[in-house]
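For the sequence shown, counting from 1, position 116 maps to 634 in the numbering used here; every step adds exactly one. Glycine is no exception: its CB is placed at the ideal position from the N, C-alpha and C atoms. Accompanying notes for the structure given below.
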Amino acid sequence: MGQFYPFKFNAEKAVEVILYIARRAPIPDVFHVCKILYFADKYHLEQYGRFICGDYYIAMDNGPVPSRTYDIIKAVRDTQQSFSFSEHASDVFTLRGNQISPSRDAYVELLSQSDIESLDQAITEYGSETFSKLSELSHDDAWKAADQNSVIPIEKIASMLRDGDAIIEYLRNK
């Protein structure tokens with residue numbers, strides 16, 4: 519990645535987050551799951567100083583995409599793709615078109631209370647939004663500051679949040 523990034527991606531947790539959102543969101547498609555995670559991560563970063571799965575975001579045409587989480591989803595869709603967690607993921611959810619169909623509930627014991635709070639808040643606030651509205655809402659200042667198809671710097675995401683400077687300082691010193 520080549521830039522400051524204070525989190526370590528947790529693939530096991532990402533699979534559980536996919537299941538959690540897909541079971542609860544009114545529209546459990548790939549787009550909504552990825553956007554709900556983005557808004558949940560922003561809330562969680564502001565409130566608790568970290569992202570839920572430790573993923574990083576790429577500035578794609580329709581807004582930020584959680585890179586490694588999306589890799590897991592793509593690996594389930596295309597069995598030719600190799601991702602270390604794709605076998606496990608394909609055991610617990612399938613894709614029908616763009617709809618994510620969980621075969622079990624998320625193991626919520628792998629999620630913290632703050633993770634669940636943030637996910638529930640984002641599902642409630644954004645889960646019923648249309649594709650175009652979610653795309654518009656996620657084209658925020660952080661997305662605009664990044665080059666197309668490049669990593670959105672964590673500092674750009676944090677700077678949009680209440681106490682953004684303090685969050686950035688906290689992340690740099692942790």
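Identify every residue that forms a DSSP beta bridge with residue 584. Reading the sequence shown from its first residue, position 66 is the one you call residue 584. Its beta-bridge partners are 575.
Checking 8 Å against the spacing of the C-beta atoms, do residue 680 and residue 624 come in under that value? One-based indexing of the sequence shown puts residue 680 at position 162. One-based indexing of the sequence shown puts residue 624 at position 106. Result no, Cβ atoms of residue 680 and residue 624 do not sit closer than 8 Å.
Cβ neighbours of residue 607 in the same chain (closer than 7 Å, five flanking residues each side left out): As a position in the sequence shown, residue 607 is number 89, starting the count at 1. Result list for residue 607: 533, 590, 593 and 594, in chain order.
With DSSP as the reference, label residue 658 as helix, strand or coil. Translated into positions along the sequence shown, residue 658 becomes position 140. Three-state result, residue 658: coil.
Just the Cα atoms here: how many angstroms apart are residue 587 and residue 596? Taking the first residue of the sequence shown as 1, we reach residue 587 at position 69. Taking the first residue of the sequence shown as 1, we reach residue 596 at position 78. Looking at the two C-alpha atoms, the distance is approximately 14 Å.
Looking at the unbroken alpha helix (DSSP H) that takes in residue 542, where does it start and where does it end? If you number the sequence shown from 1, residue 542 lands on position 24. Here the alpha helix (DSSP H) through residue 542 covers 529-542.
Cβ-Cβ distance between residue 524 and residue 646 below 8 Å: For the purposes of this step, residue 524 is taken as residue 6 along the sequence shown, with counting starting at 1. For the purposes of this step, residue 646 is taken as residue 128 along the sequence shown, with counting starting at 1. No.
With a CB to CB cut of under 7 Å and the five nearest residues on each side skipped, what residues in its chain are close to residue 641? Taking the first residue of the sequence shown as 1, we reach residue 641 at position 123. By the criterion of a C-beta distance shorter than 7 Å, residue 641 is surrounded in its chain by 539, 542, 543 and 554, once the five residues flanking it on both sides are discounted.
Presumed contact (8 Å Cβ cut-off) between residue 527 and residue 616, rounded CB distance: Start at 1 with the first residue of the sequence shown, and residue 527 comes out as number 9. Start at 1 with the first residue of the sequence shown, and residue 616 comes out as number 98. Between residue 616 and residue 527 the Cβ distance is about 23 Å, and since that is not below 8 Å, they are no contact.
By the 10 Å Cβ neighbour count, where 16 or more other Cβ atoms means buried, how is residue 569 classified, buried or exposed? Here the question's residue 569 lines up with position 51 in the sequence shown. So residue 569 ends up on the buried side.
Whose C-alpha, out of 529, 522, 530 and 546, is nearest the C-alpha of residue 618? Translated into positions along the sequence shown, residue 618 becomes position 100. Ranking the options by Cα distance to residue 618, first place goes to 546.
Environment of residue 609 [buried if 16+ CB atoms lie within 10 Å]: Position 91 of the sequence shown, counted from the start, is the residue given in the question as residue 609. Per the 10 Å Cβ criterion, exposed.
Please state whether DSSP places residue 622 in a helix, a strand or coil. Reading the sequence shown from its first residue, position 104 is the one you call residue 622. The answer is coil: DSSP assigns residue 622 none of H, G, I, E or B.
Measure from the alpha carbon of residue 668 to the alpha carbon of each residue in 562, 654, 551 and 578, then state which is nearest. In the sequence shown, counting from the first residue as 1, residue 668 sits at position 150. Nearest C-alpha to residue 668: 578.
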